[in-house]
Amino acid sequence: GFFVAISMAGLDLQKFTIIAGALGVGIGFGLQHIVNNFVSGLILLFERPVKVGDTINIDDQWGTIVKIGLRSTVFETLDRAEIIVPNSDLIAHKVTNWTFTTNISRVVLSVGVAYGSPLEKVLEILNLVAKENPDIIKDPEPSAIFTDFGESSIDFELRVWISDISK
């Protein structure tokens, strides 16, 4: 009825279709990212590569997912800043999910001691500290290793496994 009325009013429908087509293309380009994020949100909700409460790492930012929406996901960093990430970024880019299947994770602590320190004693102390910490699991065993002669210290690493990455 609308098109018949326009035709009766003497307006050329061909010009109207050209204008409507141009508007459709413009609106389509404008909504492209919104639709992409919406579809990505549906994939996140059904496929579940991340879920609320997961600890993730995106672009060197650590945090915990607080909310997953249809358009974006909110995660809270260790500094309590909330970052809003478009869902398409979670689908299209590399995301490290530290708690996807388990909370167990390895932690590497760098330790520097003064030159002249007894190296065997340093290794013994690092291993003892690791074994006495209740958050560190026993299997695999903690290991302390020498890594480098630094500019002002002898560098070691203490490699341990913890039962809960949030600790």
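Count along the sequence shown from 1, then add 116; that gives the number in this note's numbering.
Heads up, the beta-carbon is just placed ideally off N, CA and C, and yes, glycines get one too.
Bear in mind that the values here come from a model prediction, so they are computed numbers and not experimental data.
Identify, in the order they occur along the chain, each residue of the same chain with its Cβ nearer than 8 Å to the Cβ of residue i, setting aside the five sequence neighbours on each side.
i, result
"Phe272", "Ser226, Val227, Gly228, Val229, Val238, Leu239, Leu242, Ala260, Ile261, Phe262 and Thr263"
"Leu160", "Val166, Ile184, Thr189, Asn203, Leu206 and Ile207"
"Leu235", "Phe262 and Ile270"
"Ile150", "Arg187"
"Gly169", "Thr180, Ile181 and Thr215"
Mind checking whether residue i and residue j have CB atoms under 7 Å apart?
i, j, result
"Ala246", "Ile252", "yes"
"Thr189", "Thr180", "no"
"Arg187", "Val224", "no"
"Ser279", "Ile220", "yes"
"Gly194", "Trp178", "In the sequence as displayed, the identity of residue 194 is Leu instead of Gly. For Leu194 and Trp178, yes; Cβs fall inside 7 Å."
"Arg196", "Trp277", "no"
Which residues in the same chain have their Cβ closer than 7 Å to the Cβ of residue i, if we skip the five residues on either side of it in sequence?
i, result
"Ile174", "Val201 and Val211"
"Leu129", "Phe119, Ile122 and Ser123"
"Phe154", "Leu186 and Arg187"
"Phe132", "Ile122"
"Glu257", "none"
Counting along the chain, where does the alpha helix (DSSP H) carrying residue i start and finish?
i, result
"Gln137", "The sequence shown places Gly at residue 137, rather than the Gln named in the question. Looking at the DSSP string, the run of the alpha helix (DSSP H) that includes Gly137 is Leu129 to Glu163."
"Ile199", "Note, Ile199: premise wrong, no alpha helix (DSSP H); beta strand (DSSP E) at Glu198 to Pro202."
"Val245", "Leu235 to Glu248"
"Val120", "Phe118 to Met124"
Looking at the secondary structure, which residues open and close the beta strand (DSSP E) in which residue i lies?
i, result
"Glu273", "Ile270 to Ile278"
"Asn173", "Thr171 to Ile174"
"Ala260", "Ser259 to Phe265"
"Val166", "Neither: Val166 is in no beta strand (DSSP E) and is coded neither H nor E."
"Ser221", "Ser221 to Val229"
Taking the DSSP output, what are the residues bridged to residue i?
i, result
"Lys254", "DSSP, once it has assigned bridges, lists no residue as partnering Lys254."
"Arg184", "Before going further, note that residue 184 is Ile rather than Arg in the sequence given. DSSP lists Thr189 as partners of Ile184."
"Trp178", "Asn173"
"Thr212", "Asn173"
Please go through the same chain and pick out, in chain order, the residues whose beta-carbon is closer than 6 Å to the beta-carbon of residue i, but skip the five residues on each side of it.
i, result
"Asn152", "Ser204"
"Ile199", "Phe191"
Stretch pair the region 193-211 + the region 228-243: three plus CB contacts closer than 8 Å: no
Three CB pairs or more closer than 8 Å across the region 148-165 and the region 129-138: no
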